[in-house]
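Student: Have a look at this one.
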RNA sequence: GCUGAGGUAGCCUAGUCCGGCAAGGCGCCAGCCUUGAAAGCUGGUGGCGGCGACGCCGCGGGAGUUCAAAUCUCCCCCUCAGCGCCA
């Protein structure tokens, strides 16, 4: 949620910024939000005037009573107030609610360094690393390789849970855990505190950390409970200090979330036919930071550098794109994607999403900065970035490290986590 | 799931029975005092609206009764403790 003060005092700036997102719906929303806010303030004035008169008369009645004077006349006027106040107050409350809802639906203001563009085809490459291999169409797809090596059961998973689910088996499970541990160790070394968060959140907190459309398209709802399965540990990590005042001397707070993530993926691209690239559940190590506002651009680069380091150490070629104005999500002010090279597909595909949410998420969560005993008004910034999503990283590894004989070489940096194992090949016996 | 106790400002607490401007402490800020500091003393310390004087709101949430609700009535939510169940 953006600061309502900006809407009132610098509407031209806000409008100009919203225009960059290239979605006319936002401009409509902006006008409506402004108008409703003005109506609300006018109505609030009316209600306050009535309340003021009521309070005056109430006090007069109390005073008169205590002095034994008659209250009949004052009471006659006082009795007329509740009816009109009731009507005005109801209108005021409903205008307030409408104005709030409109304000909450407005996206974050974009950072000036976000490139102007209409959709993901106009994202700007800002870095590349490694040598993408050209001409490797003879490779197996990651799902074919998983099945050939006896490392996954897709058909059986689809039968019992539906499309978008999988069984992983054997050494690839250890490889998955190795990836998580490798990423986590790297982050701990860099000052992050590992956190295993709740995998479910209540609706209230959840509405504060993401936009409403996600409830329709992304999150799984638990039947009979006010609980949603998390789509990413970013969400419970952001909600960790909901309604609290953060000691500004302790910022930045660096957290490394470790969780399974659940996504319905309704609409959009849906789930992939087979494999683990786009699925309903996956493990992820997530970076999350609460920061002072002035530090967030620097920390955004730090998150990006950490994510790049993960893929550099895995020796997977990648590039980084600065996501353009038409493609940045609602909550982020700026976003980088890291895209790994998939040699069989001959394409870069998204493996990391790294966002600076500025004060948008924290304001919704009613988080402020300050010192003990001295709450401030400043809203801290929140940032998040994938360190490694194992589904995507495994898919990249399965293509990148595939050998001509059909075996899979284990990335060097993961070998210590697998007892020094260097290769995964097809099992000789039945499994 | 059952029973009980709770939810009041950044934090801790009183007020609730019996309706009448939310009291006190801690912390924090400022001033006085002091060579400096501490202590002490004085004042301030939430949200919203208003250019402002100022006003309104705020006691978990909502509805009701009333001129007037932290306080009375009804509904709901949450937390903690004990018990039950459980990897």
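In this note's numbering, the protein residues as written are -11 to 419.
All C-beta atoms in this analysis are idealised placements derived from N, C-alpha and C, irrespective of residue type, glycine included.
Is it buried or exposed, residue 408, if we count other Cβ atoms within 10 angstroms and call 16 or more buried?
Tutor: Indexing the first chain from 1 puts residue 408 at position 420. Residue 408 should be labelled exposed.
Student: Is the beta carbon of residue 69 sitting closer than 8 angstroms to the one on residue 234?
Tutor: Taking the first chain and counting its residues from 1, the one referred to as residue 69 is at position 81. Taking the first chain and counting its residues from 1, the one referred to as residue 234 is at position 246. The answer is no: Cβ separation not under 8 angstroms.
Student: Is DSSP giving residue 124 helix, strand or coil here?
Tutor: In the first chain, the residue the question calls residue 124 occupies position 136. Reduced to three states, the DSSP call for residue 124 is coil.
Student: What beta strand (DSSP E) runs, 3 residues minimum, are completely inside the stretch 328 to 413?
Tutor: Complete beta strand (DSSP E) runs here, min 3: 335 to 344, 356 to 359, 369 to 377.
Student: Between which two residues does the alpha helix (DSSP H) holding residue -5 run?
Tutor: Locating residue -5 in the first chain gives position 7, counting from the first residue. Run containing residue -5: -8 to -3, per the alpha helix (DSSP H) assignment.
Student: So within the stretch 182 to 221, which uninterrupted beta strand (DSSP E) runs reach at least 3 residues, ignoring any that extend past its ends?
Tutor: Taking only runs of at least 3 residues, no beta strand (DSSP E) segment lies wholly in the stretch 182 to 221.
Student: Span of the beta strand (DSSP E) holding residue 283?
Tutor: Residue numbering aside, residue 283 sits at position 295 when the first chain is read from its first letter. Where residue 283 is concerned, there is no enclosing beta strand (DSSP E), given that its DSSP letter is neither H nor E.
Student: For the beta strand (DSSP E) containing residue 245, list its first residue and its last residue.
Tutor: In the first chain, the residue the question calls residue 245 occupies position 257. Here the beta strand (DSSP E) through residue 245 covers 241 to 250.
Student: Should residue 396 and residue 386 be called a contact, given that it needs their Cβ atoms to be closer than 8 angstroms?
Tutor: On the first chain, position 408 is the one that residue 396 refers to. On the first chain, position 398 is the one that residue 386 refers to. Contact: yes.
Student: Ignoring anything shorter than 4 residues or poking outside the stretch 84 to 137, list the alpha helix (DSSP H) runs there in chain order.
Tutor: Those alpha helix (DSSP H) runs which fall completely within the stretch 84 to 137 and span 4+ residues are 130 to 136.
Student: Between 153, 41, 300, 27, which lies nearest to residue 379 when the distance is taken from Cα to Cα?
Tutor: If you number the first chain from 1, residue 379 lands on position 391. Among 153, 41, 300, 27, the Cα nearest to that of residue 379 belongs to 153.
Student: Starting from the Cα of residue 425, find the closest Cα among 368, 42, 366, 373 and give me that residue.
Tutor: Residue 425 lies beyond the stretch modelled for the chain, which goes from -11 to 419, so this question has no answer here.
Student: Tell me where the alpha helix (DSSP H) around residue 14 begins and ends.
Tutor: The sequence position of residue 14 within the first chain is 26, counting from 1. Start and end: 12 to 54.
Student: I'd like the list of long-range same chain contacts for residue 38, defined as Cβ closer than 7 angstroms, with 5 residues on each side in sequence excluded.
Tutor: Within the first chain, residue 38 is the residue found at index 50, counting from 1. Only 69, 72, 73, 76 meet the Cβ criterion.
Student: Are at least three pairs of beta-carbons, each pair with one atom in the stretch 247 to 254 and one in the stretch 264 to 273, less than 8 angstroms apart?
Tutor: Segments in contact, yes.
Student: Near residue 314, which residues of its chain fall below 6 angstroms by C-beta distance, leaving aside the five closest residues on each side in sequence?
Tutor: The residue labelled residue 314 in the question sits at position 326 within the first chain. So the list reads 10, 105, 106, 107, once near-sequence residues are dropped.
Student: Using DSSP with H/G/I as helix, E/B as strand and the rest coil, what is residue 415?
Tutor: For this step, residue 415 is matched to residue 427 along the first chain. It is coil, neither helix nor strand.
Student: Is residue 340 buried or exposed, if buried means 16 or more other CB atoms sit within 10 Å of its CB?
Tutor: To locate residue 340, count along the first chain from 1; it is residue 352. Buried: at least 16 other Cβ atoms inside 10 Å.
Student: If you follow the alpha helix (DSSP H) that residue 235 is in, where does it begin and where does it stop?
Tutor: Indexing the first chain from 1 puts residue 235 at position 247. From DSSP, residue 235 is part of no alpha helix (DSSP H) but of the beta strand (DSSP E) over 233 to 235.
Student: If we count Cβ pairs, one from each stretch, closer than 8 angstroms, do we get three or more for the stretch 12 to 28 versus the stretch 119 to 139?
Tutor: In short, these stretches do not touch, since the Cβ pair count stays below three.
Student: Can you tell me which of the three DSSP states residue 57 falls into?
Tutor: On the first chain, residue 57 is found 69 positions in, with the first residue counted as 1. Coil at residue 57, not helix or strand.
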